[in-house]
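Chains as they are written, first to last, in this note's numbering: chain A, 2 to 329; chain B, 8 to 270. Scroll down for the structure; my scribbles are underneath it.
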């Protein structure tokens, strides 16, 4: 089951990546036209960067989703259920407002990333602290803390939004839509990639314990898994990857939610294969969304990738739900 | 606590447990000898499950007072070390992933190491060999219970202490007889000092299958000792606050030769 599943996931990823490399606008007599062809080497280089960026980000979201779904024992868990995207959004809003107060008219992309990073990690620590009990991280308390902290930060973002002028509001809105940086900074990209590799390694090395974590706490503990320690690891990995992903590209929904579900159906429930499967599924989904985005021309520039993942991911999730075969 | 006699495989000394203001266990002591099946009986809410969880050491340290000693395992041993000597099956086992019954049983050996023969034997013992490749979710409540028992059997394939919380609720009579037979065989035949402790809400069944019994009331031990002398109307009437009488069993499964029948 798993070999065929991996083959399918890899084929999907390679096909999407191939299309993304070949698909793009080409100047044709003063008019841009969408073509599917092997591009000039400098264009190819740009598009390769974009593909690498999407693959890494998709993998990060897929792994974060998997870690949080096991942690919270909830198939609805996604990287954003812990309030991290709202926290990051608030961080960005604060940076923009600070720039406005200081009389700076435009904020560079780096400034937004710093704000998002700060907001994301502050939220992660806050939710982690609120969600702790004597017995470690309690799933219900964590989800409730995440949702409420997220709601507070969202309200904070709206408050700040009211206080800044229109131009900056646009920046904030575009960040909130979730966009893949076409030309990511080297540091940002390598941080993302290193986080993915580290998260992958930690999850893969705990794969068998993750299987046992599907039992009740009592059963997992009696089977020899230190569930308190495992939850701490899952919270760390899931939260960290989600925070890095949000800081990198803004909140891109559904990839982290659906990626692990698709992987479970294709490679099975065992985490020795599911960790790699979720990363691959996340990557394939995001590259596909990014490719689709290239093909949709509304005449006002490309759609943010977050809009594509939400438009396609929402119905896809509902289909998974209705088909009744999704794994709990 | 003083060192255990070689005959004792699991002991608790003055164990107390509180849930907030509610006192669940009040200085409960007990010693489980090798080769025995101990039944814990008592009315709903008397602390049976709490006692079993404390004995299994799945309640976090600090949540209770007193000591629990498992023969052959350091007092401060890791969860993995304890898993080599005792297994635990809760009242309602759950699996939040689409594993098959066989995979669930395999996972029981997480801390011990893979052993397909042990997994096969365990599935056979609960009568699920033929349905082993069905997903856990698609099994009935009684079958899920049996999968969890098989997991505990596979975990301690070479013997140990089985702690089972209402293991036979929802299990049909023929399978009750089969599982009890397997449990007796495992408890008595394993060379390494095995025993089982189970909570049961049916005192009649407890008297039919257990060698020892503990009767609880309001978090305390009301009586303990040989099952035949403890599970009697006078003590049970006090435990259940309702008059209990000797009555012939209306219908019961025939238990195997290895199971001691008392009724």
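Ideal Cβ placement from N, Cα and C applies to all residues, glycine included.
Same chain, Cβ closer than 8 Å to residue i, neighbours up to 5 away in sequence not counted
| i | result |
| --- | --- |
| residue 269 of chain B | Residue confidence is low: residue 269 of chain B scores 45 on pLDDT, short of 50, so the model does not pin down where it sits. Its coordinate-derived value is still stated next. Answer for residue 269 of chain B: 214, 215, 234 and 235, listed in chain order. |
| residue 262 of chain B | 184, 187, 188, 215, 216 and 268 |
| residue 170 of chain B | 59, 62, 63, 93, 94, 95, 96, 203, 204 and 205 |
| residue 128 of chain B | 160, 161 and 164 |
| residue 244 of chain B | 250 and 251 |
| residue 141 of chain B | 107 and 108 |
| residue 253 of chain B | 240 |
| residue 73 of chain A | 82, 140, 143 and 144 |
Residues of its chain near residue i, where Cβ-Cβ distance is below 6 Å and the 5 sequence neighbours each way are ignored
| i | result |
| --- | --- |
| residue 183 of chain B | 175 and 260 |
| residue 195 of chain B | 42 |
| residue 69 of chain A | 78 and 239 |
| residue 134 of chain B | 182 and 185 |
| residue 180 of chain B | 260 |
| residue 56 of chain B | 172 |
| residue 112 of chain A | 96 |
Check: residue i C-beta below 7 Å from any heavy atom of the ligand NAD
| i | result |
| --- | --- |
| residue 213 of chain B | Among the components of this structure there are no ligands whatsoever, and the ligand NAD is therefore not found. |
Neighbourhood of residue i by C-beta distance below 7 Å, restricted to the same chain and skipping five residues each side
| i | result |
| --- | --- |
| residue 39 of chain A | 23 |
| residue 127 of chain A | 150 |
| residue 311 of chain A | 254 and 255 |
| residue 7 of chain B | Beyond the ends of chain B as shown, which are 8 and 270, falls residue 7 of chain B; an answer cannot be given. |
| residue 329 of chain A | For residue 329 of chain A, the predicted model reports a pLDDT of 43, less than 50, meaning its position is unreliable and no value from the coordinates is stated. |
| residue 266 of chain B | 187, 188, 191 and 216 |
| residue 87 of chain B | 118 |
| residue 267 of chain A | 6, 9, 10 and 278 |
| residue 17 of chain A | 285, 288, 289 and 292 |
Opening and closing residue of the beta strand (DSSP E) in which residue i lies
| i | result |
| --- | --- |
| residue 16 of chain B | 15-26 |
| residue 66 of chain B | First-last for residue 66 of chain B: undefined, no H or E at that position. |
| residue 228 of chain B | 227-233 |
| residue 256 of chain B | Looking at the DSSP string, residue 256 of chain B is not in any beta strand (DSSP E), and its letter there is neither H nor E. |
| residue 139 of chain A | Premise fails: residue 139 of chain A is in no beta strand (DSSP E) and is neither H nor E. |
| residue 38 of chain A | Taken as a continuous stretch (DSSP letters only), residue 38 of chain A belongs to no beta strand (DSSP E), as it is neither H nor E. |
| residue 29 of chain B | 29-40 |
| residue 48 of chain B | 44-49 |
Bounding residues of the alpha helix (DSSP H) (the contiguous stretch that carries residue i)
| i | result |
| --- | --- |
| residue 263 of chain A | 256-268 |
| residue 219 of chain B | No alpha helix (DSSP H) contains residue 219 of chain B, which is instead part of the beta strand (DSSP E) from 219-224. |
| residue 119 of chain B | First-last for residue 119 of chain B: undefined, no H or E at that position. |
| residue 81 of chain A | Note, residue 81 of chain A: premise wrong, no alpha helix (DSSP H); not H, not E. |
| residue 274 of chain A | 272-296 |
| residue 250 of chain B | It is not in any alpha helix (DSSP H) - residue 250 of chain B carries neither H nor E in the DSSP assignment. |
| residue 3 of chain B | Summary: the structure shown does not reach residue 3 of chain B, with chain B confined to residues 8 through 270, and so no result is reported for it. |
| residue 263 of chain B | Unbroken run through residue 263 of chain B: none, as it is neither H nor E. |
| residue 21 of chain A | 3-23 |
| residue 54 of chain B | Per DSSP, residue 54 of chain B belongs to no alpha helix (DSSP H) and is neither H nor E. |
| residue 321 of chain A | 306-324 |
For the stretch 216-233 of chain A, which residues have a beta carbon sitting closer than 7 Å to at least one beta carbon of chain B? Of all residues in the stretch 216-233 of chain A, only 216, 217, 219, 220, 222, 223, 224, 225, 226 and 227 place a beta-carbon less than 7 Å from a beta-carbon of chain B.
Please list, in chain order, the residues of the stretch 79-92 of chain B that have any C-beta partner in chain A closer than 9 Å. Those residues of the stretch 79-92 of chain B that come within reach of chain A (Cβ to Cβ, closer than 9 Å) are 85, 86, 87, 88, 89, 90 and 91.
Mind listing which residues of the stretch 268-279 of chain A have their C-beta closer than 7 Å to chain B's C-betas, in chain order? Residues are counted here when their Cβ sits less than 7 Å from a Cβ of chain B; for the stretch 268-279 of chain A these are 270, given in chain order.
So within the stretch 148-203 of chain B, which uninterrupted alpha helix (DSSP H) runs reach at least 4 residues, ignoring any that extend past its ends? Complete alpha helix (DSSP H) runs here, min 4: 148-162 and 180-196.
Residues of the stretch 101-124 of chain B with Cβ closer than 7 Å to any Cβ of chain A, in chain order: For the stretch 101-124 of chain B, the residues whose beta carbon sits under 7 Å from a beta carbon of chain A are, in order, 101, 102, 103, 104, 105, 106, 114, 115, 117 and 118.
Sufficient close CB pairs (3 or more, under 8 Å) joining the stretch 112-131 of chain B to the stretch 212-222 of chain A: Contact between the stretch 112-131 of chain B and the stretch 212-222 of chain A is present, because at least three Cβ pairs lie under 8 Å.
Sufficient close CB pairs (3 or more, under 8 Å) joining the stretch 303-313 of chain A to the stretch 172-192 of chain A: As far as the Cβ criterion goes, the stretch 303-313 of chain A touches the stretch 172-192 of chain A, which means the pair count is three or higher.
Cβ contact check for the stretch 195-211 of chain A and the stretch 229-248 of chain A: 3 or more pairs under 8 Å: Touching, yes.
Are the stretch 39-52 of chain A and the stretch 247-262 of chain A touching by the rule of at least three beta carbon pairs closer than 8 Å? Judged by Cβ distances under 8 Å, the stretch 39-52 of chain A makes no contact with the stretch 247-262 of chain A, as fewer than three pairs qualify.
What residues in the stretch 49-68 of chain B have a beta carbon less than 7 Å from any beta carbon of chain A? Going along the stretch 49-68 of chain B in chain order, one finds 60, 63, 65 and 67 with a Cβ nearer than 7 Å to chain A.
Would you call the stretch 111-127 of chain A and the stretch 82-89 of chain A in contact, with 3 or more CB pairs under 8 Å? When C-beta atoms of the stretch 111-127 of chain A are compared with those of the stretch 82-89 of chain A, three or more pairs fall below 8 Å, so the two segments count as touching.
So, do the stretch 268-284 of chain A and the stretch 59-76 of chain A have three or more beta carbon pairs nearer to each other than 8 Å? Yes, the stretch 268-284 of chain A touches the stretch 59-76 of chain A.
For the structure I just gave you, are there three or more beta carbon pairs, one from the stretch 129-138 of chain B and one from the stretch 69-78 of chain B, closer than 8 Å? They do not touch, by the three-pair rule.
Hey, is the stretch 75-85 of chain B in contact with the stretch 140-159 of chain B, meaning 3+ C-beta pairs nearer than 8 Å? They do not touch, by the three-pair rule.
Report yes or no: do the stretch 14-28 of chain B and the stretch 311-327 of chain A share at least 3 C-beta pairs separated by less than 8 Å? As far as the Cβ criterion goes, the stretch 14-28 of chain B does not touch the stretch 311-327 of chain A, which means the pair count is below three.
Can you list, in chain order, the stretches of the alpha helix (DSSP H) that have 4 or more residues and sit fully within the stretch 69-113 of chain B? Whole alpha helix (DSSP H) segments, 4+ residues: 86-90.
Any alpha helix (DSSP H) of 4 or more consecutive residues that is wholly inside the stretch 186-250 of chain A: Within the stretch 186-250 of chain A, the complete alpha helix (DSSP H) runs of at least 4 residues fall at 187-206, 208-213, 218-223 and 228-250.
Does the count of Cβ pairs from the stretch 219-231 of chain A and the stretch 94-107 of chain A closer than 8 Å reach three? Between the stretch 219-231 of chain A and the stretch 94-107 of chain A, the count of C-beta pairs closer than 8 Å stays below three; the two stretches do not touch.
On the three-pair Cβ rule with 8 Å, is the stretch 285-296 of chain A touching the stretch 267-277 of chain A? Short answer: they don't touch.
Below 8 Å between beta carbons is the criterion; list the residues of the stretch 197-215 of chain A that meet it against any residue of chain B, in chain order. Taking 8 Å as the Cβ-Cβ cut-off against chain B, the residues of the stretch 197-215 of chain A that qualify are 209, 210, 212, 213 and 215.
Taking Cβ-Cβ distances below 9 Å as the criterion, which residues of the stretch 146-163 of chain B are in contact with chain A? Against chain A - using a Cβ distance shorter than 9 Å - the residues of the stretch 146-163 of chain B are 155, 158, 159 and 162.
Can you pull out the residues from the stretch 72-93 of chain A whose beta carbon lies closer than 7 Å to at least one beta carbon of chain B? Under the 7 Å Cβ criterion, the stretch 72-93 of chain A contributes 74.
When Cβ atoms are compared, which residues of the stretch 169-183 of chain B fall closer than 7 Å to chain A? Of all residues in the stretch 169-183 of chain B, none comes within less than 7 Å of chain A when Cβ atoms are compared.
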